[in-house]
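In the working numbering, the protein residues as written are 1088 to 1365.
Structure follows, in structure tokens:
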């Protein structure tokens, strides 16, 4: 127990998903697959004087991130949460989920709550689902690598596998998409297409199969924006593999796909491990 602790949580790009709601937010979630990233979010949690309200600061600006507030309330603590993200918010990188999970891990240490890793993942996952800001980022970020979410929900009820591979990842972002707006609408089409994509990936769990499934999902669900579609086409013309980050106006590519197509992307790699205290 100390006055401050810091956690790192990898970013997460979802390639495809199916939505599975439940009255219990810890059982709700998504099936699907994605890649975790060496670019991520560092979260420092600091004890504040008794009676002081919690504050959340992201990249130097005080802000309201609902899942973070819910995590602190669930743990019964007040703190200053200071997050630094290498990734943009609202662009399909799981920044809100990463900040919530990092807050849970660091607050558990600072306030000596004595919760297990899976219990903390459950707290963060439930908070993210309640806020409508994500369905599967937290459990994927907890695992790391290239996770496949076979069953939805928190660690007590879900089922995870992974593609046994690592890769260089490039990405370009053209702005935000509202995750909450998509998830609060009719998700039946997303779920039908995502279920089909998952069955194909399970048959052949490779990075190439993942990229094929991800591209088909983006196209068949109608989520592709004009700019994203054009960029994916440019990468394909350069013999590369690219797709759309769910849910964001973002294109990600494996290897040097975006660079070869003439773009100036941010570059990272798949993260070999999940969220961790520093």
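Where is the CB? At the ideal position from N, CA and C, for every residue including glycine.
Proximity below 9 angstroms, CB of residue i to CB of residue j
i            : j            : result
residue 1216 : residue 1359 : no
residue 1183 : residue 1218 : yes
residue 1220 : residue 1154 : yes
residue 1152 : residue 1333 : no
residue 1127 : residue 1335 : no
residue 1233 : residue 1254 : yes
residue 1192 : residue 1364 : yes
residue 1361 : residue 1235 : no
residue 1259 : residue 1345 : yes
residue 1056 : residue 1095 : This structure gives no information on residue 1056, because the portion of the chain shown stretches from 1088 to 1365.
residue 1213 : residue 1161 : yes
residue 1318 : residue 1261 : yes
residue 1092 : residue 1194 : yes
residue 1285 : residue 1328 : no
residue 1264 : residue 1323 : no
residue 1347 : residue 1239 : no
Residue environment, residue i, which counts as buried when at least 16 other CB atoms sit within 10 Å
i            : result
residue 1291 : exposed
residue 1230 : buried
residue 1320 : exposed
residue 1326 : exposed
residue 1169 : buried
residue 1349 : exposed
residue 1098 : buried
residue 1246 : exposed
residue 1145 : buried
residue 1163 : exposed
residue 1116 : buried
residue 1330 : buried
residue 1138 : exposed
residue 1186 : buried
residue 1228 : buried
residue 1275 : exposed
residue 1174 : buried
Supposed close pair residue i, residue j - CB separation, criterion 8 angstroms
i            : j            : result
residue 1288 : residue 1300 : 5 angstroms
residue 1211 : residue 1256 : Contact flag wrong, Cβ pair sits at about 23 angstroms.
residue 1297 : residue 1250 : 6 angstroms
residue 1148 : residue 1090 : Wrong, their Cβ atoms sit about 23 angstroms apart, outside the cutoff.
residue 1338 : residue 1315 : 5 angstroms
residue 1241 : residue 1278 : The Cβ separation is near 19 angstroms, so there is no contact.
residue 1357 : residue 1202 : About 28 angstroms separates the two Cβ atoms, so there is no contact after all.
residue 1106 : residue 1222 : 6 angstroms
residue 1165 : residue 1140 : 6 angstroms
residue 1167 : residue 1190 : Their Cβ separation, rounded to whole angstroms, is 11 angstroms, which puts residue 1167 and residue 1190 out of contact at 8 angstroms.
Chain B within 9 angstroms of residue i, Cβ atoms only
i            : result
residue 1325 : Here there is only one protein chain, and chain B is not present.
One or two residues paired with residue i in a DSSP bridge
i            : result
residue 1325 : Paired residues: none, contrary to the question.
residue 1097 : 1127
residue 1118 : 1105
residue 1364 : 1094
Segments assigned beta strand (DSSP E), at least 3 residues, entirely inside the segment 1233-1271: 1234-1238, 1246-1249 and 1255-1260
Please specify which runs of the alpha helix (DSSP H), each continuous and at least 4 residues long, are wholly inside the segment 1292-1320, giving them in chain order. 1294-1307
To test your reading of the DSSP string, which unbroken beta strand (DSSP E) runs of 3 or more residues are found completely within the segment 1180-1239? 1234-1238
Complete runs of the alpha helix (DSSP H) confined to the segment 1129-1179 [at least 4 residues]: 1153-1162
Ranges of the beta strand (DSSP E) found wholly within the segment 1329-1360, counting only runs of at least 3: 1329-1331, 1337-1341 and 1353-1356
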